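> Have a look at this one before I ask anything.
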Amino acid sequence: MGALNGSKSNLPIPCSIGGAWCWKTLATISVMRFPCWYPSAFMNWQQTIMRRRKARISTLQHCSWKREQPIVNGWKSKLWILRLKSPIIKPLLHLPPEKEKGEAVYPDKLFWNLDLYTIFLGVGFFAAVVLFRILADRAKLPAKVQNLCLGAGVASMVGGYLFAVLFQGIYNAAATGIFSISGETGATFYGGLIGGVVTFLAVYLIVGRWTIPGKGEAGKQLSQVLNLGVCSVVIAHAFGRIGCLFAGCCHGAITSAWYGVWNAHLGAKTVPTQLFEALFLFALCTFLCIMALHAKKCLNLSLYLILYGIWRFGIEFFRADERGKTLIPWLTPSQFIAVVFVVFGIVLFVWTLRRKPKNEDWE
């Protein structure tokens, strides 16, 4: 103990080194298992160890799929995955504890200055195009009509995005009283859907008059095009919701349940409403694809409006992000639009069933 009090040690150098090692080992054990037993001389060293340990634990806690595991007593067994050198895997796991509003949560950037939200939007668009091609070939839709639909689809993406930003500005104005439009204010799905449909119909009907041979041929194929196109919209929406999960937007209420997902914007776990909606949309897409290939009438649009409207009305009760207000105090803007969707879908469903099958022969 003389060496610890500032006096010189009479032990040989190897013994001094060995003694220091023993004291360091003893201090390590006392810090890790018995925090109140360590010698006061090792206070600073113990604090350094605990700071490093807390930093590693904080990193692991931002990995939402590991938050329910015993991190404090077993962090060494989990740190091996943080040493991966992959430029894609490592940013997914090593997350800074603080985020600025609007940044992606899982993660900020991967490669080529892209985040997972943008990547999943691209995946959704690609999946929508592939699915439409497959369904159109199975339904024997003419090639010129398919090409026209793809061109109109690209135009609808631009129009849908503009409408999505516009609707988000209206949502923000209803909540804060300040109306502003920019790419940083976000976008809402309903605005994108309505704007995309309007743009698609305008391009399809106007351009189709000159590109599709036959008088009114483009209009005759419209019901079938919408019947197949709804499936593409649903699968793109599903991948977009997964992107929302990674971006941290459209989240649910704060929860401590096992299914909660860490949200760095809030510093807490939230109900993964984005993931629940994505699973529902994948199931809905499967159902609509079966209906598109086997049903005798084009019911997909009406079924989508009814089923998604009911789902969206219910899932809104679990959302905790800024929802905005309507003239009806107990309804959010999304719930109000969902009610309109359901009513319009029921009317369209009944009208489609009662319509005479004059132009139902697609082949």
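Numbering that gives the first Met the number 0 puts the sequence shown at residues 0 to 362. Cβ coordinates follow ideal geometry from the N, Cα and C atoms, glycine included. Computed from a predicted structure; not experimentally measured.
(1) Just curious, the alpha helix (DSSP H) that residue 226 is in, first and last residue?
(2) Compute the Euclidean distance between the alpha carbons of residue 291 and residue 163, then round it to the nearest angstrom.
(3) Could you tell me which of 268, 137, 199 sits nearest to residue 255, measuring between CA atoms?
(4) Report, in whole angstroms, the separation of the C-beta atoms of residue 308 and residue 337, which I expect to be a contact under 8 Å.
(5) With the cut-off set at 9 Å, would you say residue 191 and residue 168 are in Cβ contact?
(6) Return the CA-CA distance between residue 286 and residue 228, expressed in angstroms with no decimal places.
(7) Let me confirm a value: residue 208 is counted as buried when at least 16 other C-beta atoms fall within 10 Å, else exposed. Which label applies?
(8) Report the rounded CA-to-CA distance for residue 272 versus residue 244, giving the unit in angstroms.
(9) Give me the Cα-Cα distance between residue 166 and residue 193, rounded to the nearest whole angstrom.
(10) Between residue 146 and residue 225, is the Cβ-Cβ spacing less than 9 Å?
(11) To the nearest angstrom, report how far apart residue 200 and residue 220 are at their CA atoms.
(12) Let me confirm a value: residue 293 is counted as buried when at least 16 other C-beta atoms fall within 10 Å, else exposed. Which label applies?
(13) Need the endpoints of the beta strand (DSSP E) that residue 269 sits in, please.
(14) Below 8 Å on the Cβ atoms is my contact criterion, and I expect residue 232 with residue 151 to pass it. Report the Cβ-Cβ distance as a whole number of Å.
(15) For residue 169, does the three-state DSSP call read helix, strand or coil?
(16) Pull up the CB-CB distance for residue 340 and residue 304, whole angstroms please, since I reckon it's below 8 Å.
(17) Please report the Cβ distance between residue 320 and residue 230, rounded to the nearest whole angstrom; I am assuming they are in contact, meaning their Cβ atoms lie under 8 Å.
By the coordinates alone:
(1) For the purposes of this step, residue 226 is taken as the residue at position 227 of the sequence shown. Unbroken alpha helix (DSSP H) run through residue 226: 221–246.
(2) If you number the sequence shown from 1, residue 291 lands on position 292. If you number the sequence shown from 1, residue 163 lands on position 164. Going by the C-alpha atoms only, they are around 28 Å apart.
(3) To locate residue 255, count along the sequence shown from 1; it is residue 256. Of 268, 137, 199, the residue nearest in Cα terms is 268.
(4) Stepping through the sequence shown from its first residue, residue 308 is reached at position 309. Stepping through the sequence shown from its first residue, residue 337 is reached at position 338. Their Cβ separation, rounded to whole angstroms, is 4 Å, which keeps residue 308 and residue 337 in contact under 8 Å.
(5) Counted from its first residue, the sequence shown places residue 191 at position 192. Counted from its first residue, the sequence shown places residue 168 at position 169. Contact flag unset, no.
(6) Within the sequence shown, numbered from 1, the residue matching residue 286 stands at position 287. Within the sequence shown, numbered from 1, the residue matching residue 228 stands at position 229. Each residue's Cα considered, the two are about 14 Å apart.
(7) Residue numbering aside, residue 208 sits at position 209 when the sequence shown is read from its first letter. Answer is exposed; the Cβ neighbour count stays below 16.
(8) Within the sequence shown, residue 272 is the residue found at index 273, counting from 1. Within the sequence shown, residue 244 is the residue found at index 245, counting from 1. Approximately 8 Å, taken between the alpha carbons.
(9) For the purposes of this step, residue 166 is taken as the residue at position 167 of the sequence shown. For the purposes of this step, residue 193 is taken as the residue at position 194 of the sequence shown. Looking at the two C-alpha atoms, the distance is approximately 10 Å.
(10) Position 147 of the sequence shown, counting from 1, holds the residue named residue 146. Position 226 of the sequence shown, counting from 1, holds the residue named residue 225. Going by C-beta atoms, residue 146 is not nearer than 9 Å to residue 225.
(11) Here residue 200 refers to the residue found at position 201 when the sequence shown is read from its first residue. Here residue 220 refers to the residue found at position 221 when the sequence shown is read from its first residue. Each residue's alpha carbon lies about 12 Å from the other.
(12) Position 294 of the sequence shown, counted from the start, is the residue given in the question as residue 293. Its Cβ having fewer than 16 others within 10 Å, residue 293 is exposed.
(13) Taking the first residue of the sequence shown as 1, we reach residue 269 at position 270. Looking at the DSSP string, the run of the beta strand (DSSP E) that includes residue 269 is 267–269.
(14) Position 233 of the sequence shown holds residue 232. Position 152 of the sequence shown holds residue 151. Not quite, the Cβ-Cβ distance comes to about 13 Å (not below 8 Å), so this is no contact.
(15) Stepping through the sequence shown from its first residue, residue 169 is reached at position 170. Here residue 169 sits in helix by DSSP.
(16) Your numbering for residue 340 matches position 341 in the sequence shown. Your numbering for residue 304 matches position 305 in the sequence shown. That belief holds up - the Cβ atoms of residue 340 and residue 304 are roughly 5 Å apart, short of 8 Å.
(17) The sequence position of residue 320 within the sequence shown is 321, counting from 1. The sequence position of residue 230 within the sequence shown is 231, counting from 1. Wrong, their Cβ atoms sit about 28 Å apart, outside the cutoff.
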